[in-house]
Amino acid sequence: MPEDTTRREMLGRFAQFPCAAMLLACCGPLASIAGATERKYNAKDHYYGMGIQVDRCIGCGRCVEACKAENGVPRQPFYFRTWIERYQIRAGGEVTVDSPEGGINSFPATEEDKDVLRSFFVPKLCNHCDNPPCVQVCPVGATFKSQDGVVLVDKDYCIGCRYCIQACPYGARYLDPRTATADKCTFCYHRITKGLLPACVEACPTGARVFGELKTLASPLRRMMRMSKLTVLKPSLNTEPKVFYSDLDGEVR
Amino acid sequence: MAERFEHLRAALGQVQGYIYPNEIELHWGLLVVLYPYITGLVAGAFILASLAKVFRVQEVVPTYRLALLTALSFLLVAPLPLLAHLGRPERSFEIFLTPHFKSAMAMFGFVYAWYLMLVLLLEIWFEYRADLVRWSQKERGLRRIVHWVLSLGSRSLAPEAIAFDKKAVYAITLVGIPSAFLLHGYVGFIFGSVKANPWWSSVLMPIVFLFSAIVSGIAMVLLLYYLTTLLRRRELDMKCLDKLASFLLYALIVDLSLETLDFIHRLYESEESIKILATLIFSKLFMSLTIVQILIGTIAPLLLLAGARFSSLPPELKRVAYFIAALLVQVGIFSTRWNVVIGGQLFSKSLRGLTAYKLELGGIEGLFTALALLVLPFVILFVLLKILPPWPEARADAEIGPPAPATTTSVGPGHETAKDATVV
């Protein structure tokens, strides 16, 4: 502020604040009205995927818990939209995999075993395949790939034949015992269409899960994909998953 | 629902190795085992019927009508296990209304409707038309009304009309053979096209299904021919039985060869899944695959049939051997379906573990429902045999003309030689 400011000028400046505040208050709703048409969700403008940085996962199980809470997945340990697997690879090449209750309560500590060469956690979920076998086999078209690349199930249309569950190579589907229809991860469709992140991504304390746009160059997902060595699960089946794993061990299936 | 969770919790305790958590629930149970078993019988019985009509194998003519009625009884029941197994059976009509054309399963409605309406019902109607007209002319009471309704307004017994019936039956059978192949080959495709499942995914699956269908169909008609003839206190036509046994033997050899080829192919290619499949075969499936399907259900009837067919055993012993062989074949083919459907779900798609299938007794998908669905085709067949008796004496009797007997099936074989009266 200049040194020779008079008292009158000073008071005048103070008076500007409420005026500006009022103006802003009026602008807010106006701006949202103006922006309303622009922000309306248009599936065509998006193409979603997920990146999973395996080295960051600590197996805490917060994502599994968040998913069950957010999506009302039955609490019993037979129904999972996402789960975590723990791999222990021993010197002799034997591999032990476990996922007690899908990893929802994290993992029990293992005895110290010098034989174990590597141990790591792998979060699993629906891969939202670009070439989804589950969609191909659905006899009524109740499961489908939406324009934003998310594979969804219409529970009001599904007849519960479970062919999709058989066709999924990743075990990502289950039959919801309450509706007797197929269910699976939706990338938290109700959240992402509002610009929010999927619950599992939001809950992950280490940022192991990166959600975002696959076709926008500046998205966090694309950045992660540029910086990492990527692979997908069971690539030989040509399902073209849209969940990409970085630094994944070859033992993971 | 609490019961279901309890059931799943029990299954959780039987898991060996690692399976994906969603895989604890085994989705296609006993009812889905019944479906390919039943459609296989339909296709097989029809193919046997076509041997008489299209390939003019005279020896099997006595089984022709019986085979058609057997096919129809089983076809009427075929969709029931599927319907009972659906989570939302009340929405099943959506398969017909809004089918997803890329889905193999969506074609079910069309293949089924085509086979039922355009092949089986039409063929049976043309085959029986003249008899229906004659029966409705001579009988009294309920039988007259039933046969009159079933003749659908047709009254002509002119030689041209009967000649047309024969032509129609021939043409429909000609279309029916590829349709029967389609019906059961398609069921094999439903399993064979699941690339996620290495136990199912095989291009041979539809062919293996087809030949096992032929095996089971011929064996079923042989059993039914044997039983119905004995129950009616008639002589078994040994030429017919010999021919049925021969065809059963040939089909069994082809079926076994295809299965062996599939086995050797898997073993030789030795893909990623070979270890878990080997564990599966030697643990969970050892009993149902090695013992029941291969030894009891295939090798034993093969030896019995070959031994009896090409030996100089007295006919009484021969036919008992055929009967036992056909019975064993039924057990074998049922376990084949079991090993495909249940076996394909006993290992994890992570290829790291095995799960268990615990059969429930009650409930819509339980053992009792399955047994009821297995008995139902025989009940339907019993009714069909009453309405449309396939026996030669019923036919000859119809051609004799008045007076109308009180019971149409009680006429002795002597009447068969009666000259064709002036009905025509």
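Residue numbers (our numbering), protein chains in the order written: chain W, -12 to 240; chain G, 456 to 879.
We put the CB at the ideal spot given by N, CA and C, even for glycine.
Opposing strand residues paired with residue i [DSSP bridges]
i	result
Trp70/W	Lys111/W
Arg105/W	Ile76/W
Leu809/G	Gln471/G, Phe802/G
Leu217/W	Ser233/W
Limits of the unbroken beta strand (DSSP E) element including residue i
i	result
Ile132/W	Ile is not the amino acid found at residue 132/W; the sequence shown has Lys there. Taken as a continuous stretch (DSSP letters only), the beta strand (DSSP E) holding Lys132/W covers 130 to 132.
Phe231/W	230 to 233
Asp85/W	82 to 85
Leu139/W	138 to 140
Nearest-angstrom beta carbon gap, residue j and residue i [assumed within contact, 8 angstroms]
i	j	result
Leu679/G	Arg774/G	Rounded, the Cβ-Cβ distance is 14 angstroms, inconsistent with contact.
Glu200/W	Asn118/W	Rounded, the Cβ-Cβ distance is 20 angstroms, inconsistent with contact.
Ala504/G	Ala526/G	7 angstroms
Gly672/G	Gly495/G	7 angstroms
Gly821/G	Trp654/G	Not really, about 24 angstroms apart at Cβ, beyond 8 angstroms.
Gly542/G	Gly182/W	About 34 angstroms; that fails the 8 angstroms criterion.
His555/G	Pro126/W	6 angstroms
Asp141/W	Ala154/W	Not confirmed; about 17 angstroms, so no contact.
Gly48/W	Ile91/W	5 angstroms
Val784/G	Val670/G	6 angstroms
Arg68/W	Cys54/W	5 angstroms
Gly89/W	Val51/W	5 angstroms
Neighbour flag for residue i against chain W, beta carbons, 8 angstroms
i	result
Tyr475/G	yes
Asn794/G	no
Met560/G	yes
Glu478/G	yes
Met660/G	no
Pro554/G	yes
Ala651/G	yes
Lys739/G	no
Lys730/G	no
Trp483/G	yes
Ser805/G	yes
Gly542/G	yes
Ser547/G	yes
Ala457/G	no
Phe802/G	no
Leu486/G	no
Gly867/G	Since pLDDT at Gly867/G reaches only 39, below the 50 mark, its modelled position is unreliable, and no value is offered.
Phe778/G	no
Ile550/G	yes
CB contact below 8 angstroms: residue i versus chain G
i	result
Phe65/W	yes
Cys47/W	no
Leu217/W	no
Arg240/W	yes
Thr168/W	yes
Ala154/W	yes
Pro95/W	no
Gln123/W	yes
Ile39/W	no
Tyr241/W	Outside the displayed range of chain W (-12 to 240) lies residue 241/W, so it cannot be described from this structure.
Val127/W	yes
Ala23/W	Because Ala23/W carries a pLDDT of 49, less than 50, the predicted location of this residue cannot be relied on, and the following value inherits that uncertainty. So, not an interface residue.
Span of the alpha helix (DSSP H) around residue i
i	result
Tyr583/G	577 to 593
Gln40/W	Where Gln40/W is concerned, there is no enclosing alpha helix (DSSP H), although the beta strand (DSSP E) it sits in stretches over 35 to 40.
Val497/G	485 to 508
Pro756/G	755 to 764
Cys125/W	Cys125/W -> no alpha helix (DSSP H), and no H or E assigned at all.
Ala53/W	49 to 58
Tyr570/G	Taken as a continuous stretch (DSSP letters only), Tyr570/G belongs to no alpha helix (DSSP H), as it is neither H nor E.
Ser528/G	519 to 532
Asn794/G	770 to 796
Lys881/G	As shown, chain G starts at 456 and ends at 879. That puts residue 881/G outside it, with no answer to give.
Leu597/G	596 to 605
Leu541/G	Run containing Leu541/G: none; DSSP gives neither H nor E here.
Glu549/G	549 to 552
Please specify which runs of the alpha helix (DSSP H), each continuous and at least 4 residues long, are wholly inside the segment 148 to 203 of chain W, giving them in chain order. If we require 4 residues or more, the alpha helix (DSSP H) runs fully inside the segment 148 to 203 of chain W come out as 150 to 154, 176 to 179, 186 to 190.
Which runs of the beta strand (DSSP E) fall wholly inside the segment 724 to 752 of chain G and span at least 3 residues, in chain order? Listed in chain order, nothing qualifies, since the segment 724 to 752 of chain G has no complete beta strand (DSSP E) run of 3 or more residues.
Which runs of the beta strand (DSSP E) spanning at least 3 residues fall entirely within the segment 617 to 705 of chain G, listed in chain order? The segment 617 to 705 of chain G contains no whole beta strand (DSSP E) run of 3 or more residues.
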